[in-house]
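Presented below is the structure to which this report refers.
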Amino acid sequence: MSATPPVLALPSVSSGLTERLQQGLADVDAMLRREVDHDDPFIAEANVHLAEAGGKRFRPLLTLLASEVGEGINDDVVAAATGVELTHLASLYHDDVMDEADMRRGAPSANAKYDNSTAILVGDLLFGTASAIIADLGPVAVKIQAETFVRLCSGQIRDDRPCPPGTDPVDYYLGVLADKTGVLIATAARYGAMFSGCSQEVVETLREYGERLGMAFQLADDLIDIASEREETGKTPGTDLREGKATLPVLLARASTDPADARLKELLGSDLRDDALLAEALHLLRAHPAMEQARERTYAVARQAQDALRPLPEGEAKEALLALATGVVDRVG
Numbered sequence: 009m010s011a012t013p014p015v016l017a018l019p020s021v022s023s024g025l026t027e028r029l030q031q032g033l034a035d036v037d038a039m040l041r042r043e044v045d046h047d048d049p050f051i052a053e054a055n056v057h058l059a060e061a062g063g064k065r066f067r068p069l070l071t072l073l074a075s076e077v078g079e080g081i082n083d084d085v086v087a088a089a090t091g092v093e094l095t096h097l098a099s100l101y102h103d104d105v106m107d108e109a110d111m112r113r114g115a116p117s118a119n120a121k122y123d124n125s126t127a128i129l130v131g132d133l134l135f136g137t138a139s140a141i142i143a144d145l146g147p148v149a150v151k152i153q154a155e156t157f158v159r160l161c162s163g164q165i166r167d168d169r170p171c172p173p174g175t176d177p178v179d180y181y182l183g184v185l186a187d188k189t190g191v192l193i194a195t196a197a198r199y200g201a202m203f204s205g206c207s208q209e210v211v212e213t214l215r216e217y218g219e220r221l222g223m224a225f226q227l228a229d230d231l232i233d234i235a236s237e238r239e240e241t242g243k244t245p246g247t248d249l250r251e252g253k254a255t256l257p258v259l260l261a262r263a264s265t266d267p268a269d270a271r272l273k274e275l276l277g278s279d280l281r282d283d284a285l286l287a288e289a290l291h292l293l294r295a296h297p298a299m300e301q302a303r304e305r306t307y308a309v310a311r312q313a314q315d316a317l318r319p320l321p322e323g324e325a326k327e328a329l330l331a332l333a334t335g336v337v338d339r340v341g
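Numbering (this note's numbering), first residue to last: 9 to 341.
Structure, rendered in structure tokens:
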């Protein structure tokens, strides 16, 4: 990694902090590559396939940035950031299998490049590697890793299940996001505070911030999947629709009682693997008030993340974290 990803290219970050973050990222990348190397060349290559496909390194960057609230980046912070990123990468191998994806970040998905069994086993291997790294950080870190993993998996399970009868679909979806995405980002921030000498109160503040930030991050991804063109993001728009995922804009559109929305609601209830139907659904959804409603909800969650930081003393790290919450929802990819 040669540069801070765009999501953290923030005006409030000084050159000194930028340099520390970039050096920390380089240290995380070096540790990650050491830890996933293997005597078997095939396993070694498969381990790094998705890591080399790109990505923002958002979670380890958050660990590094959160540590700046305390005494700053050190070896334990780097190790924790590496463990978090490996946990995230492992989940992507499993996601590719569950989603039957063909591409990930512009490269062949793990299951497409290898096969489902290999992708699942490599994901398991990376989870094990992450756990081994976290184990060296002590029993409290191990407990947090285990609890994070349980919530991450339960969120994924509930994401694959229909909303239970009598439950508000939006509330259900936001609960899924808190587990599926929010918890690991919360742990990323929590570890940064823990291993840089912060008090328990500050650690909890950053954990709460991280969970809300993670939800805002995923809600922004939902909007990007619908609103952005491929040229802006490098991703195929409408992927969630094609896979039948009911993200927040879809849930809000489905709740409409306007007769003019009949065609859109029909499309949202149909098989959108057909390119023509998908294009029509995207066209109608992009112009629908549900998009603005979802965008407002996304900004509201980002503001909740910022509100969580109020107890922290003023300083450059706090300003960067505040700006990060805005940057997460303003990005286009």
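Where is the CB? At the ideal position from N, CA and C, for every residue including glycine. No experiment lies behind these values; they were computed from the predicted model shown.
On the premise that residue j lies in contact with residue i, defined as a C-beta separation below 8 Å, what is that separation, rounded to the nearest angstrom?
i: residue 98; j: residue 143; result: Not confirmed; about 16 Å, so no contact.
i: residue 46; j: residue 52; result: 4 Å
i: residue 200; j: residue 70; result: 7 Å
i: residue 141; j: residue 43; result: 6 Å
Grab me the residues of residue i's own chain with a C-beta within less than 7 Å of its C-beta, minus the 5 sequence neighbours each way, in chain order.
i: residue 333; result: 221, 224, 310, 313 and 314
i: residue 301; result: 260
i: residue 156; result: 191, 192 and 195
i: residue 288; result: 275
i: residue 104; result: 112, 117, 118, 119 and 127
i: residue 161; result: none
i: residue 184; result: 163, 166 and 167
i: residue 303; result: 231
i: residue 4; result: For the chain, the structure presents residues 9 to 341; residue 4 sits outside this window and is missing.
i: residue 306; result: 224, 227, 228, 231 and 337
Can you have a look at residue i and say buried or exposed, based on whether 16 or more other CB atoms are within 10 angstroms of its CB?
i: residue 296; result: buried
i: residue 219; result: buried
i: residue 135; result: buried
i: residue 207; result: exposed
i: residue 271; result: exposed
i: residue 93; result: buried
i: residue 49; result: exposed
i: residue 210; result: buried
i: residue 268; result: exposed
i: residue 175; result: exposed
i: residue 265; result: exposed
i: residue 163; result: buried
i: residue 239; result: Residue confidence is low: residue 239 scores 48 on pLDDT, short of 50, so the model does not pin down where it sits. No coordinate-derived value is stated.
i: residue 216; result: buried
i: residue 154; result: exposed
i: residue 308; result: exposed
i: residue 328; result: buried
Cβ atoms of residue j and residue i: under 8 Å apart, would you say?
i: residue 56; j: residue 41; result: yes
i: residue 317; j: residue 280; result: no
i: residue 299; j: residue 290; result: no
i: residue 32; j: residue 205; result: no
i: residue 130; j: residue 59; result: no
i: residue 6; j: residue 90; result: With the chain represented from 9 up to 341, any question about residue 6 goes unanswered, as that position is not in the structure.
i: residue 159; j: residue 132; result: no
i: residue 246; j: residue 286; result: yes
i: residue 319; j: residue 244; result: no
Skipping 5 residues on each side, what residues in its chain have a beta carbon closer than 6 Å to that of residue i?
i: residue 203; result: 84, 85 and 88
i: residue 178; result: 259
i: residue 189; result: 222 and 226
i: residue 101; result: 118, 127, 130 and 131
Only counting the same chain, and skipping five residues up and downstream in sequence, which positions put a Cβ closer than 8 Å to that of residue i?
i: residue 336; result: 15, 221, 224, 225, 228 and 310
i: residue 28; result: 72, 76, 80 and 81
i: residue 282; result: none
i: residue 181; result: 171, 254, 255, 256 and 259
i: residue 148; result: 202
i: residue 106; result: 164 and 168
Are the C-beta atoms of residue i and some chain D residue less than 8 Å apart?
i: residue 32; result: In the displayed structure, chain D is absent; only one protein chain is listed.
For the region 185-201 against the region 70-84, do three or more pairs of beta-carbon atoms, one drawn from each stretch, fall closer than 8 Å, so that the two count as touching?
yes
Would you be able to state if there are at least three C-beta pairs under 8 Å between the region 250-263 and the region 227-236?
yes
Taking 8 Å as the threshold, find out whether the region 160-168 comes into contact with the region 115-134 through three or more Cβ pairs.
no
Using 8 Å as the cut-off, can you tell me whether the region 20-35 makes contact with the region 319-338, which would need three or more C-beta pairs spanning the two stretches below that distance?
yes
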